[in-house]
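Beneath this line is the structure, given in C-alpha cells, with notes to follow.
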Amino acid sequence: MKNDNLKIMIKMVLNHFFIITTILLFVFGIANVIFHFDNPEFGRLPFTFPLEVIAVSFPCACCSFCYYSKTEYSKNSFLIRCLVQFILLIGIVGGEGLLFGWINGISDFLVVFSIFLIVYIIVWVSTIRIDKKNSDMINKALHNVKEKENKILTTNKNKKRY
Numbered sequence: 021m022k023n024d025n026l027k028i029m030i031k032m033v034l035n036h037f038f039i040i041t042t043i044l045l046f047v048f049g050i051a052n053v054i055f056h057f058d059n060p061e062f063g064r065l066p067f068t069f070p071l072e073v074i075a076v077s078f079p080c081a082c083c084s085f086c087y088y089s090k091t092e093y094s095k096n097s098f099l100i101r102c103l104v105q106f107i108l109l110i111g112i113v114g115g116e117g118l119l120f121g122w123i124n125g126i127s128d129f130l131v132v133f134s135i136f137l138i139v140y141i142i143v144w145v146s147t148i149r150i151d152k153k154n155s156d157m158i159n160k161a162l163h164n165v166k167e168k169e170n171k172i173l174t175t176n177k178n179k180k181r182y
C-alpha cells in the first residue's frame, strides 16, 4: 500500500509537469504572437525558451509532493500543505525568472506572477476534474460489480427454492 501512494504521487507529478509545460508554452506562444503584431522587435522569445519552460515546469510539478502522506490528513493540514506548495512555487518561478532574465523589475515580476496564477488555477481545476472523472469511473465500476453480485445471489436463492 505504501508503494501505491508513492506511485500515485509520481503519476500526479508527471501529469502536473505535462499540464504546466503545455499551458506555459501555449500562454507564452499566444503572448509572443500578440507582441509580434504590436511591435515586431518586442516579445521575441529566445530559442532556449522551451528548455527554460521545462526547467521551471519540472520543479514546480515536484512541489506536488507536498501532498504526499502515508496517512490521511486533516483539513487544516491540507490548507497548510497548499500554502507551503504555493510559497515553494513562487520561490521557484521567481528564482528561475531572475536566473533566465524574465524578471528585471517589479513590473516584470507582476507579469510573471499573473501568468503563474493563471497556470496555478488551471492546473488545480484540471486536477480536480481528472480526479472527479477517475472517482466517477471507479464508483461506476464498483456499482456494476455490486449489481452483478446481487444478480448472482438472487439467481442462487431462486435455484435453491426449487
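So the sequence shown is numbered by this note's numbering: it starts at 21 and just counts up by one.
Backbone N, C-alpha and C define an ideal beta-carbon position, used for all residues, glycine too.
If you're wondering where the values come from, they're calculated on a predicted model, not measured in any experiment.
Each residue's CA atom was taken as its position, placing S89 and L103 some 16 Å apart.
Counting other Cβ atoms within 10 Å of its Cβ, H36 reaches 16 or more and is therefore classed as buried. DSSP places E72 in the uninterrupted alpha helix (DSSP H) bounded by 69-82. In this structure, V113 places its C-beta atom within 9 Å of the C-beta atom of C80. I28 and S155 have their C-alpha atoms roughly 14 Å apart. F46 sits away from F69, with the two beta carbons spaced by 9 Å or more.
Contact annotation: V131 and I40 have beta-carbon atoms that are not nearer than 9 Å.
Closest option to K31, judged by alpha-carbon separation, among S94, I158, Y87, L99: Y87. About 5 Å separates the CB atoms of F120 and E72; that is less than 8 Å, so the two are in contact. The beta carbon of V76 sits closer than 6 Å to the beta carbons of E116 from its chain, once the five residues preceding and following it are set aside; these are given in chain order.
The C-alpha of N164 is placed about 31 Å away from the C-alpha of V143. E167 has its alpha-carbon roughly 57 Å from the corresponding atom of W122.
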